[in-house]
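Residue numbers (the working numbering), protein chains in the order written: chain A, 4 to 202; chain H, 7 to 454. From the three backbone atoms N, C-alpha and C, an ideal C-beta is built for every residue, glycine too.
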Amino acid sequence: MTTLEFPGLDEPELDAPGTSMEELRSQALRLAAELPGTLRRLTLRSGALTVDVEWEGAPPPAPVLAGPAYPVPYPAGYPQPGFPPYPTDLLAPGGAIAPPAASNSEVTTATANSVPATNSVPVTAPLVGTFYRSASPGAEPFVKVGDVVEAGQTLAIIEAMKLLNNITAEHTARVVAIHAANGDIVEFAQPLMDLEPVE
Amino acid sequence: MFDKVLIANRGEIALRVIRACRDLGISSVAVYSTPDADSEFVTAADESVHIGPGPAARSYLHVPNIIGAALKTGAQAIHPGYGFLSEDPYFAEICAEAGVTFVGPPPDVMEAVGDKSMARRLMTDAGLPLLPGTTEAVETVEQAAAIAAGIGYPVIIKAAAGGGGRGISVVHQPEDLRAAYQSTRASAQAIFKNSAVYIEKYLAKARHIEVQVVCDDFDGAVHLGERDCSVQRRHQKLIEESPSPSVTPEMRAQVGQHALAGARAVGYRGAGTMEFLLDGDGRFWFMEMNARIQVEHPVTEMVTSVDLIAEQLRVAYGGPLSVKQEDVEVRGHAIECRINAEDPARGFIPTPGRLDRYRIPGGPWVRVDTHCVPGAMVSPYYDSMIGKLIVWGPDRASCIDRMLRALAEFEVSGPGMKTTIPFHQKVLAHPAFRGGDVATDFLERHQL
Numbered sequence: 004m005t006t007l008e009f010p011g012l013d014e015p016e017l018d019a020p021g022t023s024m025e026e027l028r029s030q031a032l033r034l035a036a037e038l039p040g041t042l043r044r045l046t047l048r049s050g051a052l053t054v055d056v057e058w059e060g061a062p063p064p065a066p067v068l069a070g071p072a073y074p075v076p077y078p079a080g081y082p083q084p085g086f087p088p089y090p091t092d093l094l095a096p097g098g099a100i101a102p103p104a105a106s107n108s109e110v111t112t113a114t115a116n117s118v119p120a121t122n123s124v125p126v127t128a129p130l131v132g133t134f135y136r137s138a139s140p141g142a143e144p145f146v147k148v149g150d151v152v153e154a155g156q157t158l159a160i161i162e163a164m165k166l167l168n169n170i171t172a173e174h175t176a177r178v179v180a181i182h183a184a185n186g187d188i189v190e191f192a193q194p195l196m197d198l199e200p201v202e
Numbered sequence: 007m008f009d010k011v012l013i014a015n016r017g018e019i020a021l022r023v024i025r026a027c028r029d030l031g032i033s034s035v036a037v038y039s040t041p042d043a044d045s046e047f048v049t050a051a052d053e054s055v056h057i058g059p060g061p062a063a064r065s066y067l068h069v070p071n072i073i074g075a076a077l078k079t080g081a082q083a084i085h086p087g088y089g090f091l092s093e094d095p096y097f098a099e100i101c102a103e104a105g106v107t108f109v110g111p112p113p114d115v116m117e118a119v120g121d122k123s124m125a126r127r128l129m130t131d132a133g134l135p136l137l138p139g140t141t142e143a144v145e146t147v148e149q150a151a152a153i154a155a156g157i158g159y160p161v162i163i164k165a166a167a168g169g170g171g172r173g174i175s176v177v178h179q180p181e182d183l184r185a186a187y188q189s190t191r192a193s194a195q196a197i198f199k200n201s202a203v204y205i206e207k208y209l210a211k212a213r214h215i216e217v218q219v220v221c222d223d224f225d226g227a228v229h230l231g232e233r234d235c236s237v238q239r240r241h242q243k244l245i246e247e248s249p250s251p252s253v254t255p256e257m258r259a260q261v262g263q264h265a266l267a268g269a270r271a272v273g274y275r276g277a278g279t280m281e282f283l284l285d286g287d288g289r290f291w292f293m294e295m296n297a298r299i300q301v302e303h304p305v306t307e308m309v310t311s312v313d314l315i316a317e318q319l320r321v322a323y324g325g326p327l328s329v330k331q332e333d334v335e336v337r338g339h340a341i342e343c344r345i346n347a348e349d350p351a352r353g354f355i356p357t358p359g360r361l362d363r364y365r366i367p368g369g370p371w372v373r374v375d376t377h378c379v380p381g382a383m384v385s386p387y388y389d390s391m392i393g394k395l396i397v398w399g400p401d402r403a404s405c406i407d408r409m410l411r412a413l414a415e416f417e418v419s420g421p422g423m424k425t426t427i428p429f430h431q432k433v434l435a436h437p438a439f440r441g442g443d444v445a446t447d448f449l450e451r452h453q454l
């Protein structure tokens, strides 16, 4: 994915009233058709007359590989969520979260697994909650250090007030470090993992 | 007593609660948004948890993140301060479900007094004097016109879920009613997500008198005298004092009994404020109840020596109040000036920015509740308060003199920064204020 600007479109004659937007649109469509990959995003600005185009298949320029921008805003009126509690045996009676089992508390880092962390981008927690590396206790973790993940793939779950929030990869990347331990309650913006973009 | 309390707030009130916790041997947890990361209340707390970005909806109002922070730190209670989640009964219920004590009244009591028209009905039933008006939400403009004609103009239209001086319109003549009714409903919906409004008689020249109450679970209920908050602009308080220069000891006992009767009638627990209007004939009229600690609580603390935050924590823990009615003595006089980053010359518009110079006053009987330090940012995300200056004196005249001395010592400057300090100096030096002749129309009547 790449963002390009087309300075050629920023010429004064395109600024003529009545023609600029029409002209801009037709030029943008022509450019889009000539792109080497699938169109991902197209932005037209009539004021400054610029066109931003993103397409797939080009080398990634180190994008932000964070989780979802904000997965579950708290609903107005506070209805109780319909999701089943996760995972039930970690929840004490009354819904309080029991301390995580000691065996789940290992923190995996790049150094421990000797995967070099170059050009890596942190995945940070979008909310405060309990960090889980697998879908249920004892199940295989979603990812391990060294794994290559696809865009949209679940990296971990953060559970807050019985709502499960999937933390997903935005782009194809390799997991180079995992900073949070299973069962940790993480803060907003706390680094959870480092991902290295894969071309 | 609690071992650990989380403060779901920011700024000076977060610091105030942290200090009360420390005085009581309780460890404190601050929660903070990204722009508040370096703020004084974060460093003052024993622990802190980052709960979200600047916009309050994603941090100080984000319930799952606050509950998560309490569970992460093992806090047993959450003190909500004022504003934000302090009067949200749903938040109090969620705290209870998570096994965390909400420092405040029970959720059903909060809900009852939070609906201002329902509160009017409950207080009428409890025998309190109320201005003529409605105890139900007014549904149509025709109904509003009929009610207004019945009680006589001027009338005031208020949002049932309102507070902080917002969602209020004064109507002086029938031809203005339709527009005022519609705009109040619209702003009530926009601000409070509830378009219900009610109508009552408007007193143009009245004093705003509020009574501090604290109640426990053992039938303990104490009133701590009144605060006079008559100096307001657009229904927002700017200067508060205790005692009121126009309340005699007999009137104090009378309005105190009204306040306690009202608090008992709704099953109140914790610290709360009963707001009244005092008319020119010396009669009190119940206006509304605030189910939280208030910004201006320090003036009551200064004249009664009762730590209101400590009482809140004692009662929330399930203990009795440490004070009895017969022990309450109002001694001397206290005044609070709200020091806001606002420009009084331009309609009090906020002037957020960096405090390049910040020097707070000191000396005997001078208290400054502030979270600001030199170099701190007054964030555009939140309210414009820099701090509160509270002084005590043996009588009102010496208290005013001491406040003027302290205001002169207070230095605040920064790029584009204006404050309410010059405004306070003008009000306190005004002969009408010195003479105690202050009603809610003070700013309209006097050129400052």
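Taking 8 Å as the threshold (C-beta atoms), are residue j and residue i in contact?
i, j, result
"H/His377", "H/Ser45", "yes"
"H/Gly278", "H/Val219", "yes"
"H/Met293", "H/Leu283", "yes"
"H/Glu18", "H/Lys394", "yes"
"H/Arg22", "H/Asp313", "no"
"H/Ala167", "H/Asn200", "yes"
"A/Val179", "A/Leu167", "no"
"H/Glu232", "H/Pro255", "no"
"H/Ile341", "H/Met409", "yes"
"A/Ala176", "A/Val201", "yes"
"H/Arg213", "H/Ser236", "yes"
"A/Ile188", "A/Thr127", "no"
"H/Thr79", "H/Glu103", "no"
"H/Ala154", "H/Val176", "no"
Among the options, whose alpha-carbon lies nearest the alpha-carbon of residue i?
i, options, result
"H/Cys343", "H/His430, H/Asp131 and H/Cys27", "H/His430"
"H/Ser34", "H/Thr49, H/Ala43 and H/Ala435", "H/Thr49"
"H/Asp447", "H/Tyr208, H/Arg402 and H/Pro428", "H/Tyr208"
"H/Gly276", "H/Ser419, H/Asp313, H/His241 and H/Gln318", "H/Gln318"
"H/Arg360", "H/Val69, H/Gly60 and H/Gly420", "H/Gly420"
"H/His165", "H/Asp131, H/Pro138 and H/Glu145", "Reading off the sequence, residue 165 of chain H comes out as Ala, not His. Nearest of H/Asp131, H/Pro138 and H/Glu145 to H/Ala165, Cα basis: H/Glu145."
"H/Cys27", "H/Ser39, H/Gly105, H/Phe47 and H/Thr40", "H/Phe47"
"H/Asp234", "H/Glu281, H/Leu266, H/Val203 and H/Gln195", "H/Glu281"
"H/Arg363", "H/Asp333, H/Leu244 and H/Lys424", "H/Lys424"
"H/Ala351", "H/Val372, H/Ile24, H/Ala83 and H/Leu449", "H/Leu449"
"A/Met164", "H/Gly105, H/Ile163, H/Gln260 and H/Leu183", "H/Gly105"
"H/Asn15", "H/Gly31, H/Ala51 and H/Asp9", "H/Ala51"
What does residue i reach in chain A if we use C-beta pairs closer than 9 Å?
i, result
"H/Thr40", "Phe191 and Ala192"
What does residue i reach in chain H if we use C-beta pairs closer than 7 Å?
i, result
"A/Ile188", "Gly74, Leu77 and Lys78"
For a cutoff of 8 Å on Cβ pairs, would you count residue i as touching chain H?
i, result
"A/Ala163", "yes"
"A/Leu166", "yes"
"A/Gly155", "no"
"A/Thr5", "Reliability fails at A/Thr5, whose pLDDT of 37 lies under 50, so the model's placement of it is uncertain and the value that follows must be treated cautiously. So, not an interface residue."
For residue i, which residues in chain A fall below 8 Å Cβ to Cβ?
i, result
"H/Ile57", "Val131, Glu190 and Phe191"
Does the beta carbon of residue i sit closer than 8 Å to a beta carbon anywhere in chain A?
i, result
"H/Pro70", "yes"
"H/Asp9", "no"
Got a sec: is the Cβ-Cβ distance from residue i to anything in chain C below 8 Å?
i, result
"H/Ile24", "In the structure shown, chain C cannot be found, because the protein chains are A and H."
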